[in-house]
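Q: For the record, the sequence lines run as chains A and B.
If you use my numbering, the first sequence corresponds to residues 3 to 317, in order.
If you use my numbering, the second sequence corresponds to residues 28 to 322, in order.
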Amino acid sequence: MIEAQALSKRYGAKAAVDAVSFTVQPGRVTGFLGPNGAGKSTTMRMIVGLDNPSGGHVTVNGKPYAQHKAPLREVGALLDAKAVHTKRSAYNHLRAMAATHGIPNSRVKDVIELTGLGPVAKKRVGGFSLGMGQRLGIAAALLGDPHTVILDEPVNGLDPEGVQWVRHLAKGLAAEGRTVFLSSHLMSEMALTADHLIVIGRGRIIADAPIQSIIDGQGRARVRVRADRPQDLLASLAGEGVTSQVLEPELIEITGVDARRIAEVALRDRVLVYELTPLQVSLEDAYMQLTQTEVEYHSHSLPDASEAVAPLEGR
Amino acid sequence: MATSTSSAPAPSRPRQHRETGPGVNFGRVMKSEWIKVTTVPSTVILIVSTVVVMVGLAALFAWSLTMMAQSINDPSVPAEFRTPTEGPGSPGFQALTTPSSGLAFGQLLIASLAVVLIASEWTTGMIRSTMVAVPKRVPALLAKTVIIAVVAFVVGFVSALVSYLVAQPILRGENLDFALSEDGVLASVINTGTFLALVAVISMSIGILLRNTAGGVVTAVGIFFVLPIIVQLLSGIADWIPDAARFLPADAGEQMVAVEVAEDALTQWQGGLVMAAWALVLLVIALVVAKKRDV
């Protein structure tokens, strides 16, 4: 379990993480979602004590990370795949990490097998692809068989087989009752992996809810209707706060009421309806709506000078 | 790179929160740092070349002393250019410093090694793995410092001892050979190691503070080689400058390996303590800064 209380990180006048509070529960995969520069990595670095918070505090399994006697057995973290000496082999890197906690070499070999690093374990990490680096980072995170697993952008650079493997791994770990906290800027990946979502933008929590309720809550019901007299239908629905868009003379999209309500009104008014399609709101849409105002680096329009600050993430 | 991955994690089992298995202690951190030091090839290469170069320089120095001794009895050399046969400048006296004669070069290599070992943690990003495994930070940095200091001591001591052994047959030709038991010789051999250990600690501290390999090496070399030269050039300006210069790490450290101490100079012990004080102060500053700073 990870608990953050009013956790903040400021760099000068700029708040990278702005008084966020959240709880990551065991037994499910919690996705940490946000655009680049939203504060995901900074938050994760504060959880494992690499960065000192400017305010607030965060505990893992009831204690600040640094106060655990055996931190690697409490929390396994993949924060960035490049946290390895490039001249050392993967096997020796893991052996050195394991030695700090008296973790036996048999466990080192286990995580090498588990992550599929076997064929390259004795090679220098400097020659690894991004995907192999990610696997090594995940292997290091699993060394201590930890209760809590934190993975920052774990699928970056992985091939499709690797992506699927991470998905299974995360779900499997959560099914065993562990706390799994997974960050990504890819909504589609989260939709497949996470049970619960914490959405962050510009250092603030925008949403903290089960994934389904984020989809339901953000996307208001939208229904495509083909009818012989659409204007009559709209007139009857006018009192219910709907908005509509006329696409063709007999084709409209109605937002604000669900399909069943439209069918009821149509039946009452004897309007012929020959298509009634609820339009599924994707998590992607929900995410875009959530973060619309929170994205720091819009891809269009040049930022004005005061906004053109380099991202603080990924140092 | 093709890889196969075990499809599923370990079979499901209920997990309760509990303390499991051994935790972090200083001995384990030492073992981890030892693995780290010995599994980077450049370290081993640098250590071996330090010993080779120090012994080589000592042999060369011994040979040059025999040349000098020969010239003493050479009638073709005018009397005023002859080397004195007695006192500090004489070959017989200088021969006693052979074991530590490679020190200047050894200190350059050990300083570089220490800076590279610690600064590469930051330049490669390894430090994040290190600090996640040892979040209290100080034990990890201290363990690495202890290991490098011990390695530097062994390198210095072994080099001086081997230098002594290699130099004896060369010196014997001119009857300049001497026993380890002669006054101050054994202490000089041991202190060649102690001096390098302290050089390592100072360089490690600089590496921790600067987190940058090139900058750290330049700073360390500056402290040990450039600073004494600058101070010497300035010594004419005021009387206190040469007085103070004795307390620079390089100057004080040099006294540690002296076989005979000049009148106004620091003794071996004093020199050692001054240099140890430098090392301790810099190390404490480095650890405090590293403890507070974001990684």
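Think of the CB as a built atom: it goes at the ideal place given N, C-alpha and C, for glycine as much as any other residue.
Because the structure is a prediction, the values reported are computed rather than measured.
Quick check on the DSSP output: what are the complete alpha helix (DSSP H) runs of length 4 or more inside the region 211-255 of chain B, in order along the chain?
A: 212-237, 240-248
Q: Cutting at 6 Å between CB atoms, please list the residues of its own chain near A:Ile200, excluding the five before and the five after it.
A: Phe24, Phe34, Asp210
Q: Buried or exposed for A:Asn38, going by 16 or more other Cβ atoms inside 10 Å?
A: exposed
Q: Figure out for me which residue from A:Ser246, A:Met189, A:Met3 has the closest Cα to the Cα of A:Val157.
A: Closest by C-alpha distance to A:Val157, out of A:Ser246, A:Met189, A:Met3, is A:Met189.
Q: Determine the contact status of A:Val86 and B:Gly234, defining contact as a CB-CB distance below 8 Å.
A: no
Q: Is there a Cβ from chain A that is less than 8 Å from the Cβ of B:Ser147?
A: yes
Q: Could you tell me the boundaries of the alpha helix (DSSP H) in which A:Tyr13 lies?
A: Segment 4-13 is the beta strand (DSSP E) holding A:Tyr13; no alpha helix (DSSP H) there.
Q: Can the beta-carbon of B:Val182 be found closer than 8 Å to that of B:Val78?
A: yes
Q: Taking DSSP as the reference, what is the three-state secondary structure of A:Pro212?
A: strand
Q: Any contact of the region 93-107 of chain A with the region 149-168 of chain B, i.e. 3+ C-beta pairs under 8 Å?
A: yes
Q: Can you tell which of A:Ala68, A:Glu277, A:Gly29 has its C-alpha closest to the C-alpha of B:Lys319?
A: A:Ala68
Q: Given this structure, state the Cα-to-Cα distance separating B:Ser230 from A:Leu81, to the nearest angstrom.
A: 29 Å
Q: Would you check if the distance between the CB atom of A:Ala72 and the CB atom of B:Gly54 is smaller than 8 Å?
A: Between A:Ala72 and B:Gly54, the C-beta spacing is not below 8 Å.
Q: Is the shortest distance between the beta-carbon of B:Gly200 and the beta-carbons of chain A less than 8 Å?
A: no
Q: Using 10 angstroms around the beta-carbon of A:Ala237, count the other beta-carbons present and answer buried if the total reaches 16, otherwise exposed.
A: exposed
Q: Which term fits B:Met94, buried or exposed, when burial requires 16 or more other beta carbons within 10 angstroms of its beta carbon?
A: exposed
Q: Anyone know if the C-beta pair for A:Thr181 and A:Glu76 falls short of 8 Å?
A: no
Q: Would you identify the three-state DSSP class for A:Ala79, choosing helix, strand or coil?
A: strand
Q: Considering only their Cβ atoms, is the gap separating B:Gly129 from B:Ser190 smaller than 8 Å?
A: Between B:Ser190 and B:Gly129, the C-beta spacing is below 8 Å.
Q: Quick one: using the 10 Å Cβ neighbour count with 16 as the cut-off for buried, is B:Ser156 buried or exposed?
A: B:Ser156 comes out buried.
Q: Taking only the alpha-carbon atoms, compute the straight-line gap between A:Arg263 and A:Asp234 and give it to the nearest angstrom.
A: 15 Å
Q: Helix, strand or coil: which one does DSSP assign to A:Ile202?
A: strand
Q: Just tell me which of B:Leu300, B:Trp267, B:Ser186 has its CA closest to the CA of B:Glu331.
A: Since the displayed chain B opens at 28 and closes at 322, residue 331 of chain B lies outside it and no answer follows.
Q: What residues from chain A crowd round B:Ala160, counting only those whose CB sits closer than 8 Å?
A: Pro73, Leu74, Met99, Thr102, His103
Q: Which class does B:Gln97 belong to by DSSP, given the choice of helix, strand or coil?
A: Of the three classes helix, strand and coil, the one that applies to B:Gln97 here is helix, per DSSP.
Q: With respect to the alpha helix (DSSP H) encompassing A:His170, which residues constitute its N-terminal and C-terminal limits?
A: 162-177
Q: Report the neighbours of A:Asp234 on chain B: residues whose CB is nearer than 7 Å to its CB, in chain order.
A: Here the premise fails: no neighbours, minimum Cβ distance about 57 Å.
Q: Have a look at A:Arg272, A:Leu269, A:Gly258 and flag the residue whose alpha-carbon is nearest the alpha-carbon of A:Pro280.
A: When only C-alpha atoms are compared, the closest one is A:Gly258.
Q: Which chain B residues sit within Cβ distance under 7 Å of A:Arg90?
A: Residues of chain B whose Cβ lies closer than 7 Å to the Cβ of A:Arg90 are, in chain order, Thr66, Val67.
Q: Look at the alpha carbon of A:Gln7 and the alpha carbon of B:Thr150, and state the distance between them as a whole number of angstroms.
A: 32 Å
Q: Could you give the first and the last residue of the continuous beta strand (DSSP E) run that contains A:Ile152?
A: 150-154
Q: In the structure shown, what three-state DSSP assignment does B:Ile137 receive?
A: helix
Q: Roughly how many whole angstroms lie between the Cα atoms of A:Thr245 and A:Gly36?
A: 29 Å
Q: List, from N- to C-terminal side, the beta strand (DSSP E) runs of 3 residues or more that fit wholly inside the region 21-53 of chain A.
A: 31-35
Q: Can you tell me whether A:Glu155 is buried or exposed? The criterion is at least 16 other CB atoms within 10 Å of its CB, across all chains shown.
A: buried
Q: Express the C-alpha separation of A:Val31 and A:Asp260 in angstroms, rounding to a whole number.
A: 31 Å
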